[in-house]
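Just so we're aligned: the sequence shown equals residues 1 to 395 in the numbering used here. All C-beta atoms in this analysis are idealised placements derived from N, C-alpha and C, irrespective of residue type, glycine included. Computed from a prediction, not measured in an experiment: that's the story for all the values here.
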Amino acid sequence: MKQKEIFLCKYGEIVLKGANRKYFEDMLCREMKKRAAAYGNFDIYRAQSTIYVEPKDDSCDMDGMFLSASKVFGIVAIQRAAVCEKNMEDISRVAAEYIPQFLAGKRSFKVEAKRSDKSFPLDSMDLAREIGGVILSAFPRIKVDVHTPDVIVKVEIREYGAYISAGSFKGAGGMPVGTNGRALLLLSGGIDSPVAGYMMAKRGVKIEALHFESFPYTSERAREKVLELASILAEYAGEVRVHIVSLTHIQEELAKNCNEDYFTLLLRRYMMTIAERVAKYKGCNALVTGESLGQVASQTMQALGVTDSCVKDMPVFRPCIGMDKEEIVTVSRKMGAFETSILPYEDCCTVFTPKHPKTKPELDKVVAEENKLDFAALADEAFESLYTVTVEAKY
1 MKQKEIFLCK YGEIVLKGAN RKYFEDMLCR EMKKRAAAYG NFDIYRAQST IYVEPKDDSC
61 DMDGMFLSAS KVFGIVAIQR AAVCEKNMED ISRVAAEYIP QFLAGKRSFK VEAKRSDKSF
121 PLDSMDLARE IGGVILSAFP RIKVDVHTPD VIVKVEIREY GAYISAGSFK GAGGMPVGTN
181 GRALLLLSGG IDSPVAGYMM AKRGVKIEAL HFESFPYTSE RAREKVLELA SILAEYAGEV
241 RVHIVSLTHI QEELAKNCNE DYFTLLLRRY MMTIAERVAK YKGCNALVTG ESLGQVASQT
301 MQALGVTDSC VKDMPVFRPC IGMDKEEIVT VSRKMGAFET SILPYEDCCT VFTPKHPKTK
361 PELDKVVAEE NKLDFAALAD EAFESLYTVT VEAKY
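Here it is as structure tokens:
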């Protein structure tokens with residue numbers, strides 16, 4: 001007989017939220033329900049620091065829902081578990097029928113039991129011992145190893161029933177998206193900025209994105225690449241609105257009128273100024289960028305100070321600032337963005353790149369170069385080019 005199977009999605013730091021805990025739990029449940037709708041008729045409910053994902057019929061796509069749940073920020077672990085009545089006869093039967101499929105090719109196991117329902121007659125140690133014996137009888141070739149088992153079998157006696165599982169899969173961790181405000185991510189076509197967006201979403205920040213294009217110096221494919229990166233980010237962060245602004249005229253004016261060595265710094269100051277204006281216009285309270293300290297000339301401490309001086313009224317978050325390239329690439333691969341990020345389509349930051357960019361700029365000299373142009377008028381013109389593409393989450 002096929003066992004009824006559900007998911008137990010455990011959350012982590014939400015349990016520390018005290019009086020605000022319900023708010024975080026509600027946001028997490030809302031996200032799980034939204035995702036579940038794409039995979040069938042599921043019942044989503046919570047109890048004892050766990051969200052239960054229960055299929056209502058056999059047509060539910062359990063594998064699809066499991067993968068989607070693994071990308072929900074706020075969930076630290078997911079277990080596929082068989083459900084049964086809270087009595088030893090039913091628990092033993094289900095353990096003998098359900099668990100052997102997870103032990104094939106394994107040499108050892110141990111049983112961990114948790115009795116949240118204290119009315120259950122056996123304590124946790126006795127329950128673990130009994131179910132261990134049941135599994136050994138059903139699968140005699142395997143050994144018990146309480147120190148370094150190949151498989152950990154869990155038996156949980158909870159409010160709604162008994163749950164038996166083998167192995168726990170790591171969730172995305174972090175905080176539910178939307179619980180820590182809204183921020184505008186400067187999204188290029190590279191590796192770093194999608195990672196920065198992912199890491200801020202993991203801390204509960206709702207992400208909107210701003211992309212600067214330089215048509216005809218950048219191509220339509222470059223824009224499509226950025227939208228694909230936004231789509232990958234949306235698998236974790238939910239819907240992402242991508243706001244697109246043209247920098248073409250600004251870059252042409254910089255190239256004609258300013259010292260080439262300052263070109264990148266001046267462009268970054270325009271970008272940060274425009275980004276703050278877009279953020280305010282779209283209801284965001286912070287900017288997010290993908291810089292890593294010292295990675296390129298525009299990411300030295302002095303250069304970042306020069307560009308940040310343009311931002312007047314909101315923080316600039318740089319979650320990658322202390323990471324090296326290998327660490328950033330690891331996260332990029334984890335979130336599934338790396339192969340798209342390395343597609344060879346230029347973004348605006350690679351257009352008109354100076355041969356000898358300033359790595360230790362002085363603000364007064366940068367401003368002197370900037371004053372060769374009508375900064376406010378060019379920024380206004382760029383802002384007027386703003387248009388938005390909404391990238392839906394692929395659940």
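With a Cβ-Cβ cutoff of 9 angstroms, do D117 and I78 count as a contact?
For the purposes of this step, residue 117 is taken as residue 117 along the sequence shown, with counting starting at 1. For the purposes of this step, residue 78 is taken as residue 78 along the sequence shown, with counting starting at 1. Contact: no.
Per DSSP, what are the beta-bridge partners of F7 in this structure?
On the sequence shown, position 7 is the one that residue 7 refers to. Bridge partners of F7 according to DSSP: V53 and R80.
Should L343 go down as buried or exposed, given a rule of 16 or more other Cβ atoms within 10 Å for buried?
Translated into positions along the sequence shown, residue 343 becomes position 343. Under this definition L343 is an exposed residue.
DSSP three-state label for A393, please.
One-based indexing of the sequence shown puts residue 393 at position 393. In the structure shown, A393 sits in coil (DSSP, three-state: anything other than H, G, I, E or B).
Counting Cβ pairs, one atom from each stretch, are 3 or more of them under 8 angstroms apart for the segment 298 to 312 and the segment 199 to 212?
no
Less than 9 angstroms between the beta carbons of I142 and L103, yes or no?
Position 142 of the sequence shown, counting from 1, holds the residue named residue 142. Position 103 of the sequence shown, counting from 1, holds the residue named residue 103. Going by C-beta atoms, I142 is nearer than 9 angstroms to L103.
Does DSSP put S68 in a helix, a strand or coil?
Here residue 68 refers to the residue found at position 68 of the sequence shown. Here S68 sits in helix by DSSP.
Mapping the DSSP letters down to three states, classify E85 as helix, strand or coil.
Taking the sequence shown and counting its residues from 1, the one referred to as residue 85 is at position 85. Reduced to three states, the DSSP call for E85 is coil.
DSSP beta-bridge partners of D43
In the sequence shown, residue 43 corresponds to position 43, counting from 1. Beta-bridge pairing links D43 to E54.
Look at I164 and V94 and say whether their C-beta atoms are less than 9 angstroms apart.
Position 164 of the sequence shown, counting from 1, holds the residue named residue 164. Position 94 of the sequence shown, counting from 1, holds the residue named residue 94. Taking 9 angstroms as the Cβ cut-off, I164 and V94 qualify as a contacting pair.
Beta-carbon proximity of F73 to A183, cut-off 9 angstroms:
Counting from one through the sequence shown, the residue named residue 73 turns up at place 73. Counting from one through the sequence shown, the residue named residue 183 turns up at place 183. Against a cut-off of 9 angstroms, the Cβ pair of A183 and F73 comes out as no contact.
Evaluate S396 with the Cβ neighbour count: other Cβ atoms within 10 Å of its Cβ, from every protein chain shown; 16 or more gives buried, anything less gives exposed.
The requested residue 396 does not occur in the structure, where the chain is confined to residues 1 to 395.
Cα-Cα separation between I6 and V144, rounded to whole angstroms
Residue 6 sits at position 6 when you count from the first residue of the sequence shown. Residue 144 sits at position 144 when you count from the first residue of the sequence shown. Taking the straight line joining both Cα atoms gives about 26 angstroms.
Excluding five sequence neighbours on each side, which residues of the same chain lie with their C-beta closer than 7 angstroms to the C-beta of A379?
For the purposes of this step, residue 379 is identified with residue 379 of the sequence shown, where counting begins at 1. Once the five neighbours on either side are set aside, the close Cβ partners of A379 are Y270, T273 and I274.
F263 lies in the beta strand (DSSP E); which residues open and close that run?
One-based indexing of the sequence shown puts residue 263 at position 263. No beta strand (DSSP E) contains F263, which is instead part of the alpha helix (DSSP H) from F263 to Y281.
N- and C-terminal bounds of the alpha helix (DSSP H) containing H398:
With the chain running from 1 to 395 in the structure shown, residue 398 is simply not present.
Touching or not, the segment 57 to 71 and the segment 189 to 196, by the rule of three or more beta carbon pairs under 8 angstroms?
With the rule of 3 Cβ pairs closer than 8 angstroms, the segment 57 to 71 does not count as touching the segment 189 to 196.
Starting from the C-beta of T359, find all residues in its chain whose C-beta is less than 8 angstroms away, skip the five residues before and the five after it, and write them out in chain order.
Within the sequence shown, numbered from 1, the residue matching residue 359 stands at position 359. So the qualifying residues of the chain are A297, T300, Q302 and A303.
Return helix, strand or coil for K312, following the three-state DSSP convention.
For the purposes of this step, residue 312 is taken as residue 312 along the sequence shown, with counting starting at 1. Reduced to three states, the DSSP call for K312 is coil.
I'd like to confirm the pairing. Which residues does DSSP put opposite F169 in its beta bridges?
Here residue 169 is taken as the residue at index 169 of the sequence shown, counted from 1. In the DSSP output, where bridge partners are listed per residue, F169 has I78.
Round the Cβ separation of P357 and T289 to the nearest angstrom and send it over; I've been treating them as touching at under 8 angstroms.
For the purposes of this step, residue 357 is taken as residue 357 along the sequence shown, with counting starting at 1. For the purposes of this step, residue 289 is taken as residue 289 along the sequence shown, with counting starting at 1. Not a contact, Cβ separation roughly 17 angstroms.
Along the chain, where does the beta strand (DSSP E) containing I14 start, and where does it finish?
What you label residue 14 is simply residue 14 of the sequence shown in a count that begins at 1. Counting along the chain, I14 falls outside any beta strand (DSSP E), and DSSP gives it neither H nor E.
For K33 and E235, believed in contact at Cβ under 8 angstroms, the rounded distance:
Here the question's residue 235 lines up with position 235 in the sequence shown. Here the question's residue 33 lines up with position 33 in the sequence shown. Not confirmed; about 17 angstroms, so no contact.
Quick check on this structure: which residue in A138, L122 and G197 has the alpha carbon closest to the alpha carbon of K86?
The residue given as residue 86 occupies position 86 in the sequence shown. The option with the nearest alpha carbon to K86 is L122.
Using a Cβ-Cβ cut-off of 7 angstroms (strictly less than) and excluding sequence neighbours within five positions of A36, which residues of its own chain qualify?
Position 36 of the sequence shown, counted from the start, is the residue given in the question as residue 36. Hits under 7 angstroms: F42, I44, V53 and M65.
Taking a contact to mean a Cβ-Cβ separation below 9 angstroms, would you say G283 touches G173 in this structure?
As a first step, residue 283 must be located in the sequence shown, where it is residue number 283. As a first step, residue 173 must be located in the sequence shown, where it is residue number 173. Their beta carbons are not under 9 angstroms apart, which means G283 does not touch G173 by this criterion.
Am I right that V155 and F109 are in contact with their C-beta atoms under 8 angstroms? What's the rounded C-beta distance?
Within the sequence shown, residue 155 is the residue found at index 155, counting from 1. Within the sequence shown, residue 109 is the residue found at index 109, counting from 1. So it is not a contact: roughly 12 angstroms between Cβ atoms.
Rounded C-alpha distance that separates A38 from K71
Your numbering for residue 38 matches position 38 in the sequence shown. Your numbering for residue 71 matches position 71 in the sequence shown. One C-alpha to the other measures close to 14 angstroms.
What whole-angstrom Cβ distance do V240 and E276 have, given they're in contact under 8 angstroms?
For this step, residue 240 is matched to residue 240 along the sequence shown. For this step, residue 276 is matched to residue 276 along the sequence shown. Their Cβ separation, rounded to whole angstroms, is 19 angstroms, which puts V240 and E276 out of contact at 8 angstroms.
Would you tell me roughly how many angstroms separate the C-alpha atoms of S219 and G181, rounded to the nearest one?
Sequence index remark: in the sequence shown, residue 219 carries index 219 (1-based). Sequence index remark: in the sequence shown, residue 181 carries index 181 (1-based). Spanning the two alpha carbons is a distance of roughly 33 angstroms.
Could you round the C-beta distance between L210 and V316 to whole angstroms and report it? I think they count as a contact, below 8 angstroms.
By one-based count along the sequence shown, residue 210 stands at place 210. By one-based count along the sequence shown, residue 316 stands at place 316. The C-beta separation of L210 from V316 comes to about 13 angstroms, leaving the pair out of contact by the 8 angstroms criterion.
Alpha carbon to alpha carbon, what distance is there between L185 and K280?
Taking the sequence shown and counting its residues from 1, one reaches residue 280 at position 280. Taking the sequence shown and counting its residues from 1, one reaches residue 185 at position 185. Roughly 13 angstroms between the two C-alpha positions.
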